[in-house]
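Taking it in order: structure first as structure tokens, then the write-up.
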Amino acid sequence: MHSAQPRPASFSPRGPLRGTIKVPGDKSISHRSLMLSALAIGESRVAGLLEGEDVLSTAAAMRAMGATIERTGEGEWRIHGVGVGGLLQPQAALDMGNSGTSTRLLMGLVASHAITATFIGDASLSKRPMGRVIDPLSLIGAEFNASPGGRLPLMVRGICPAVPISYRLPVASAQVKSAVLLAGLNTPGITEVIEPVPTRDHSERMLAGFGADLTVETDGDGVRHIRLVGEAELKPQTIEVPGDPSSAAFPVVAALITPGSEVTVTHVGMNPTRTGIFKMLEAMGADLTYSNERIVGGEPVADITARHSNLTGIEVPPDVAPSMIDEFPVFFVAASVAQGRTVTSGLDELRVKESDRLALMAAGLTVIGAKVEEREDGLVIDGSGGEPLEGAATVASALDHRIAMSFAVAGQHCYHAVSVDDVSPIATSFPTFEAMMAGLAGA
2 MHSAQPRPAS FSPRGPLRGT IKVPGDKSIS HRSLMLSALA IGESRVAGLL EGEDVLSTAA
62 AMRAMGATIE RTGEGEWRIH GVGVGGLLQP QAALDMGNSG TSTRLLMGLV ASHAITATFI
122 GDASLSKRPM GRVIDPLSLI GAEFNASPGG RLPLMVRGIC PAVPISYRLP VASAQVKSAV
182 LLAGLNTPGI TEVIEPVPTR DHSERMLAGF GADLTVETDG DGVRHIRLVG EAELKPQTIE
242 VPGDPSSAAF PVVAALITPG SEVTVTHVGM NPTRTGIFKM LEAMGADLTY SNERIVGGEP
302 VADITARHSN LTGIEVPPDV APSMIDEFPV FFVAASVAQG RTVTSGLDEL RVKESDRLAL
362 MAAGLTVIGA KVEEREDGLV IDGSGGEPLE GAATVASALD HRIAMSFAVA GQHCYHAVSV
422 DDVSPIATSF PTFEAMMAGL AGA
């Protein structure tokens, strides 16, 4: 996981960004492909898996609970599953590193198996609240012993058979939804998740693809009712993971704000529950085109070309937030150099991510010369009208990969270099980021 020694780096303008690149595989789909393959009986094959630290934490945890997971020389991963209900007692604590997704989803898996698992993580993950997952999983009969505030380290004592529940999500959270559905796999009867605000639906798509008996109905009020029949038998699959739209957002925004740039990102996942960032950039006037649109493994995929654009500030509707929640940090960078004011709200969730992303982005953008007002649930940014920001400052990443990458992008359009105190967290989701950016600049 993260080295004890911070690795600072500086980012400055290097001229137009040009080229065609492929970003790492989608993190959400990578996590789920490993977990469900490990619960299938037989061998699954996964190509394009994100080989960042977060996903490797998931792989290590599934190995510890009995699955055989290995990487072949061609970059393909082969997983021999243990079957639903077949997870084994891990012999040591499961180290989740920085990965909140791994933690919350695996808590769901463990909750309906007759095993006990202890979850630990790095300093950043250990500050993140797990209560929103503990609450529904307690209803199925699992027991939890968590650190104060529902944080890591925590112990889950699963129960088998678990009690099927119907759970209405109190907050829009794909992780909570997924944790309950994964617990439902080994629970007799029907587990239902009621989702008032749609969130990313990778779990539903992939569970159905692996053969689970899952239905999704949307009622007259637009509320989704997701029902899973338990004691499922999953069938092994061959999966091609599309590029992560969250990762694609960084080179896309970099191209949009850097004069003379044109960058194409290939094979990007275009799941409509994940593309809010591109829709909001287009609303600001971004020149984005989509080509080679296709379906891969049940997920829509396309190539995205981004060209330098004169962006205009907008008001982001709060209901867009779930479809771009991880992309707001780099969106704030785009807003800081747009013409006029950008207003965001309904973003309380950003305060409990890998860091308090609202506070960190407000502080960092301000110190490099942007005009930012931090509100309780969002930021108001008055853009520079296309002019470069001042830069010439050091910002804190607080062990948050998206904060580090966002300020690396900001450095592309500043008068002076932007320094980030520690870029080592970038390895959690985008190990090739710095080399890719240098390549686009012809460095």
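The sequence shown finishes on residue 444 if you use my numbering, and the numbering steps up by one all the way, no holes. Quick reminder that beta carbons are idealized off the backbone N, C-alpha and C, glycines included.
Among the options, which one has its Cα closest to the Cα of residue i?
| i | options | result |
| --- | --- | --- |
| V172 | A93, D349, D422, E54 | D349 |
| A363 | V331, C161, G76, L138 | V331 |
| K372 | G49, A405, A335, S310 | A335 |
| T117 | D136, M285, D304, A143 | A143 |
| G67 | L89, L18, P17 | L89 |
| D327 | G298, D357, Q238 | D357 |
| R8 | A418, Y416, A399 | A399 |
| M285 | I166, A393, L312 | L312 |
| R275 | P301, D220, E263 | P301 |
| D378 | G347, M406, G261 | G347 |
| A213 | V85, T265, V134 | V85 |
| E54 | T429, A439, L361 | T429 |
| R133 | L153, V157, L170 | L170 |
| M437 | V264, I305, N293, I404 | V264 |
| T219 | E196, G210, F211, Q238 | E196 |
| P48 | V419, L110, G298 | A quick correction: the sequence has Ala, not Pro, at residue 48. Ranking V419, L110, G298 by Cα distance to A48 puts G298 first. |
| V198 | L138, P323, T192 | P323 |
| L441 | M406, M271, S262, L215 | S262 |
| Q340 | T367, I382, E374 | I382 |
| L35 | I160, A62, F12 | A62 |
Between residue i and residue j, what straight-line distance do the alpha-carbon atoms span, to the nearest angstrom?
| i | j | result |
| --- | --- | --- |
| V338 | K236 | 49 Å |
| T433 | R376 | 34 Å |
| E77 | P389 | 42 Å |
| A175 | G16 | 39 Å |
| M108 | E232 | 17 Å |
| M325 | L282 | 11 Å |
| V424 | H114 | 38 Å |
| V217 | L140 | 22 Å |
| G190 | I70 | 30 Å |
| E234 | A93 | 28 Å |
| V194 | R342 | 38 Å |
| P128 | L37 | One point to set straight first is that residue 128 is Lys, not Pro, in the sequence displayed. K128 and L37: Cα-Cα distance of roughly 28 Å. |
| G412 | G20 | 19 Å |
| M2 | R105 | Bear in mind that the predicted position of M2 carries a pLDDT of just 48, short of 50, making it too unreliable to give a figure here. |
| D288 | S385 | 19 Å |
| I166 | G185 | 8 Å |
| V157 | G221 | 37 Å |
| D245 | V321 | 18 Å |
| V419 | G87 | 50 Å |
So who's on the other strand from residue i, going by DSSP bridges?
| i | result |
| --- | --- |
| A48 | E241 |
| E71 | R79 |
| D96 | I121 |
| P301 | I296 |
| N1 | Here the chain covers residues 2 to 444 and nothing more, so residue 1 does not appear. |
| F12 | V419 |
| A307 | V264, L289 |
| R217 | Here residue 217 turns out to be Val, not Arg, going by the sequence shown. BP columns for V217 point to I227. |
| S425 | According to DSSP, which records beta bridges pairwise, S425 is partnered with nothing at all. |
| G341 | None; G341 has no bridge partner. |
| E453 | Given that the chain is displayed from residue 2 to residue 444, the structure contains no residue 453 and the question cannot be resolved. |
What are the boundary residues of the alpha helix (DSSP H) that residue i is part of?
| i | result |
| --- | --- |
| E435 | 434-441 |
| G28 | It should be pointed out that residue 28 corresponds to Lys in this sequence rather than to Gly. Run containing K28: 28-40, per the alpha helix (DSSP H) assignment. |
| L57 | 54-65 |
| S179 | 175-185 |
| K336 | It should be noted that the sequence gives Ala, not Lys, for residue 336. From DSSP, the alpha helix (DSSP H) with A336 extends over 329-337. |
| R201 | Premise fails: R201 is in no alpha helix (DSSP H) and is neither H nor E. |
| K280 | 277-284 |
So, under 8 Å CB-CB, residue i and residue j are touching, yes? Tell me the CB distance rounded to an integer number of Å.
| i | j | result |
| --- | --- | --- |
| I427 | P243 | Wrong, their Cβ atoms sit about 20 Å apart, outside the cutoff. |
| P25 | L51 | 5 Å |
| E205 | I240 | About 15 Å separates the two Cβ atoms, so there is no contact after all. |
| T188 | P162 | 7 Å |
| N99 | G122 | 7 Å |
| P252 | I22 | 6 Å |
| A307 | A256 | 4 Å |
| L183 | L110 | 5 Å |
| H417 | E435 | Not confirmed; about 19 Å, so no contact. |
| V421 | A409 | 7 Å |
| V353 | V317 | With a Cβ gap of about 19 Å, V353 and V317 do not count as contacting. |
| P154 | T119 | 6 Å |
Could you pull the start and end residues of the beta strand (DSSP E) that residue i belongs to?
| i | result |
| --- | --- |
| V421 | 419-421 |
| P154 | 152-158 |
| R19 | 19-23 |
| H226 | 225-230 |
| G379 | 379-383 |
| A394 | 394-396 |
| R129 | Looking at the DSSP string, R129 is not in any beta strand (DSSP E), and its letter there is neither H nor E. |
| S248 | Premise fails: S248 lies in the alpha helix (DSSP H), 246-258, not in any beta strand (DSSP E). |
| S407 | It is not in any beta strand (DSSP E) - S407 instead sits in the alpha helix (DSSP H) that spans 402-411. |
Any beta carbon of chain D sitting closer than 8 Å to that of residue i?
| i | result |
| --- | --- |
| I135 | Within the model displayed, chain D is absent; a lone protein chain is all it includes. |
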